[in-house]
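Here is the structure we will look at.
There are 2 protein chains.
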Amino acid sequence: MTLPRLKRSTLGDDVYDSLRAAVLEHTLAPGDRVNIDALARDLEVSPTPVREALARLESEGLVRKRPLAGYTVSPLLTRTEFNDMFDMRLLLECAAARWAAERATPEQRGTLVTEAARTVEGGDEHAWHAAFTALDAHVHDLVAQASASPLLRESITRLHAHLHLHRRYFPYAQTAVTNDEHQLLAAAINDHDPDRAEAAMREHLIHARARHLVAFDE
Amino acid sequence: MTLPRLKRSTLGDDVYDSLRAAVLEHTLAPGDRVNIDALARDLEVSPTPVREALARLESEGLVRKRPLAGYTVSPLLTRTEFNDMFDMRLLLECAAARWAAERATPEQRGTLVTEAARTVEGGDEHAWHAAFTALDAHVHDLVAQASASPLLRESITRLHAHLHLHRRYFPYAQTAVTNDEHQLLAAAINDHDPDRAEAAMREHLIHARARHLVAFDE
DNA sequence: CCTTCGTAGATCCTATAGGATCTTTCCTGT
DNA sequence: ACAGGAAAGATCCTATAGGATCTACGAAGG
Numbered sequence: 001m002t003l004p005r006l007k008r009s010t011l012g013d014d015v016y017d018s019l020r021a022a023v024l025e026h027t028l029a030p031g032d033r034v035n036i037d038a039l040a041r042d043l044e045v046s047p048t049p050v051r052e053a054l055a056r057l058e059s060e061g062l063v064r065k066r067p068l069a070g071y072t073v074s075p076l077l078t079r080t081e082f083n084d085m086f087d088m089r090l091l092l093e094c095a096a097a098r099w100a101a102e103r104a105t106p107e108q109r110g111t112l113v114t115e116a117a118r119t120v121e122g123g124d125e126h127a128w129h130a131a132f133t134a135l136d137a138h139v140h141d142l143v144a145q146a147s148a149s150p151l152l153r154e155s156i157t158r159l160h161a162h163l164h165l166h167r168r169y170f171p172y173a174q175t176a177v178t179n180d181e182h183q184l185l186a187a188a189i190n191d192h193d194p195d196r197a198e199a200a201m202r203e204h205l206i207h208a209r210a211r212h213l214v215a216f217d218e
Numbered sequence: 001m002t003l004p005r006l007k008r009s010t011l012g013d014d015v016y017d018s019l020r021a022a023v024l025e026h027t028l029a030p031g032d033r034v035n036i037d038a039l040a041r042d043l044e045v046s047p048t049p050v051r052e053a054l055a056r057l058e059s060e061g062l063v064r065k066r067p068l069a070g071y072t073v074s075p076l077l078t079r080t081e082f083n084d085m086f087d088m089r090l091l092l093e094c095a096a097a098r099w100a101a102e103r104a105t106p107e108q109r110g111t112l113v114t115e116a117a118r119t120v121e122g123g124d125e126h127a128w129h130a131a132f133t134a135l136d137a138h139v140h141d142l143v144a145q146a147s148a149s150p151l152l153r154e155s156i157t158r159l160h161a162h163l164h165l166h167r168r169y170f171p172y173a174q175t176a177v178t179n180d181e182h183q184l185l186a187a188a189i190n191d192h193d194p195d196r197a198e199a200a201m202r203e204h205l206i207h208a209r210a211r212h213l214v215a216f217d218e
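Taken in sequence, the protein lines are chains D and G.
Residue 34 in full-length UniProt numbering sits at position 34 of the first sequence, with consecutive numbering throughout.
Residue 5 in full-length UniProt numbering sits at position 5 of the second sequence, with consecutive numbering throughout.
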């Protein structure tokens, strides 16, 4: 029998979750200085666990530290850095798609097909956008998980955190296309077809990059 | 004019460096429990910066945290995990080799050829082994650096930390072969030949995996 | 002999305080 | 008016202390 793992956590972990979410949804905006004492007051904890959480966030690249001068939220990626990130996504996620097609369990293939078919219902614009973003991230994580490579999945998760920082600027119009591409990908994986899965992921990412890059024109 | 960036650092950073080195060279052995107070006494600092350093090390996977029960040094990889790590190396480092052949600067190609040709001189066995390990890591980092992709280089660096934990068990005899493979790789990159560079890296890693895997037979 | 329970000790986690450093503002001098 | 500098304030970093939790050891019971 397997009981649900009970979560006795420390304040540091909770603060970490809270801060990470705040950075990803721009409650703490890129470039902002992070005032440790102010955060501690807001969260009603002492600066000690806040500091610990920031150390972890820095290791993930979500905040930057200047010794003796505090932390700042990492700035948005430059166009060059953004392209580099998508090169990495192409490298990692195409491999993930291939391996998922080869090694995923039947259950994983099933959920993937189901989740890729889901669409986001109405609601106000902000909530809808957040839901769409979460769904997209979820689908990609399912693929990473199905690849049966813990290290690969972890790398992809790291990358997606940085991607998420830019999601705010994603054009709403093209979400239907995204959904179609997800379904093609899921179908290929479900059919145990590595070549087609990798190709579908590559197509999807190349299109996604193009969709995002318009935000850099100004 | 460019002055050397003066390094004002905090205790937390210094402790981090010290602990990271201790883990990599097995001064803190895999599986060991990490006593925060004892470490603080040894390093002659308070537990606070030690705790901060451990938070960062945990984010890199070098130590593990059990809430309210302290940290332990991450155990050695199982055979499965080790194979997964080499699958990742094949994915990441082959791409790095290819990109390096395409995009490295003339200086980078030069240093790479030079460093790949270096051999490790005598000295006692332990020091010699450490030097060889460092040289190998250095060559691979040069390739990662020459790939001109900061994200790729960072991912590779992370992986190598875990690889390093297993280096202790590397058979001494085969170092000459390793050196030859490095030189083939460097030559291919120097010749702007992506296909050959990627192939050389793949060969090298497949052989390296085989060389390491014998340590898992018992 | 093995298991269960309870206590003592060790260890962890968080809050707080104070010294050290950075940042901002204001003032002086040119 | 502008550049340079000093002082006040804000912020960071580290050490210490105490409450909370875990671990280990030994005793009691089956």
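C-beta: ideal position from N, C-alpha, C; glycine also.
Predicted model only: the values in this text are computed from it and were never measured.
Could you name the residues that DSSP lists as bridge partners for residue i?
i, result
"Arg64 of chain D", "D:Thr72"
"Val34 of chain D", "D:Tyr71"
Just to confirm, are residue i and residue j a CB contact at a threshold of 7 Å?
i, j, result
"Thr119 of chain G", "Arg167 of chain G", "no"
"Leu77 of chain G", "Val23 of chain G", "no"
"Ala40 of chain D", "Arg56 of chain G", "no"
"Ile156 of chain G", "Leu92 of chain G", "yes"
"Arg98 of chain G", "Glu198 of chain G", "yes"
"Asp84 of chain G", "Leu151 of chain D", "yes"
"Val143 of chain D", "Ala100 of chain D", "yes"
"Leu184 of chain G", "Ala210 of chain G", "no"
"Ala53 of chain D", "Leu19 of chain D", "yes"
"Pro67 of chain G", "Arg8 of chain D", "yes"
"Arg202 of chain G", "Cys94 of chain G", "yes"
CA-CA distance, residue i and residue j?
i, j, result
"His192 of chain G", "Ala127 of chain G", "35 Å"
"Ala96 of chain G", "Ala146 of chain G", "8 Å"
"Ile36 of chain G", "Gly110 of chain G", "45 Å"
"Phe216 of chain D", "Asn179 of chain G", "45 Å"
"Phe82 of chain D", "Ala161 of chain D", "13 Å"
"His164 of chain D", "Asp42 of chain D", "24 Å"
"Leu11 of chain D", "Ala176 of chain G", "51 Å"
"Asp141 of chain D", "Arg153 of chain D", "7 Å"
"Asp136 of chain D", "Leu135 of chain G", "42 Å"
"Phe181 of chain G", "His204 of chain G", "Looking at the sequence shown, residue 181 of chain G is not Phe but Glu. So the alpha carbons of these two residues sit roughly 6 Å apart."
"Leu213 of chain D", "Gln174 of chain D", "13 Å"
"Glu121 of chain D", "Ser59 of chain D", "36 Å"
"Pro194 of chain G", "Glu107 of chain G", "18 Å"
"Pro47 of chain D", "Ala21 of chain G", "28 Å"
"residue 222 of chain G", "Asp13 of chain G", "Absent from the model: residue 222 of chain G. The displayed extent of chain G is 1 to 218, so no value can be given."
"His26 of chain G", "Gly123 of chain G", "20 Å"
"His129 of chain G", "Ala38 of chain G", "30 Å"
CB-CB under 7 Å to residue i, same chain, minus the five flanking residues each way: which ones, in chain order?
i, result
"Ser74 of chain G", "Pro30, Gly61, Leu62, Val63, Arg64"
"Arg33 of chain D", "Gly70, Thr72"
"Val139 of chain D", "Glu115, Ala116, His182"
"Val45 of chain D", "Leu11, Val15"
"Arg51 of chain G", "Ile36"
"Thr105 of chain D", "none"
"Ile206 of chain D", "none"
Can you list, in chain order, the residues of its chain with a C-beta nearer than 6 Å to that of residue i? Leave out the 5 residues immediately preceding and following it.
i, result
"Ala186 of chain G", "Leu112, Val113, Ala116"
"Ala148 of chain D", "Arg103"
"Arg79 of chain G", "Phe216"
"Ala131 of chain G", "Val120"
With a threshold of 8 Å on Cβ separation, who are the neighbours of residue i within its own chain once the five nearest residues in sequence on each side are excluded?
i, result
"Leu159 of chain D", "Met85, Met88, Arg89, Leu92"
Residues of the stretch 78 to 111 of chain D with Cβ closer than 8 Å to any Cβ of chain G, in chain order:
Contact residues of the stretch 78 to 111 of chain D toward chain G are Glu81, Asp84, Met85, Asp87, Met88, Leu91, Leu92, Ala95 (C-beta to C-beta distance below 8 Å).
Name, going along the chain, the residues of the stretch 127 to 161 of chain G whose beta-carbon falls closer than 9 Å to a beta-carbon of chain D.
Taking 9 Å as the Cβ-Cβ cut-off against chain D, the residues of the stretch 127 to 161 of chain G that qualify are Ala148, Ser149, Pro150, Leu151, Leu152, Glu154, Ser155, Arg158, Leu159.
For the stretch 177 to 209 of chain G, which residues have a beta carbon sitting closer than 7 Å to at least one beta carbon of chain D?
For the stretch 177 to 209 of chain G, which is checked against every Cβ of chain D, not one residue is closer than 7 Å.
Residues, ordered as in the chain, of the stretch 3 to 37 of chain G that lie near chain D by beta-carbon distance below 8 Å:
Hits within the stretch, in order: Arg8, Ser9, Thr10, Gly12, Asp13.
Positions along the stretch 56 to 77 of chain D whose CB lies within less than 9 Å of some CB in chain G:
Listed by position along the chain: Arg56, Leu57, Glu58, Ser59, Glu60, Gly61, Lys65, Pro67, Leu68.
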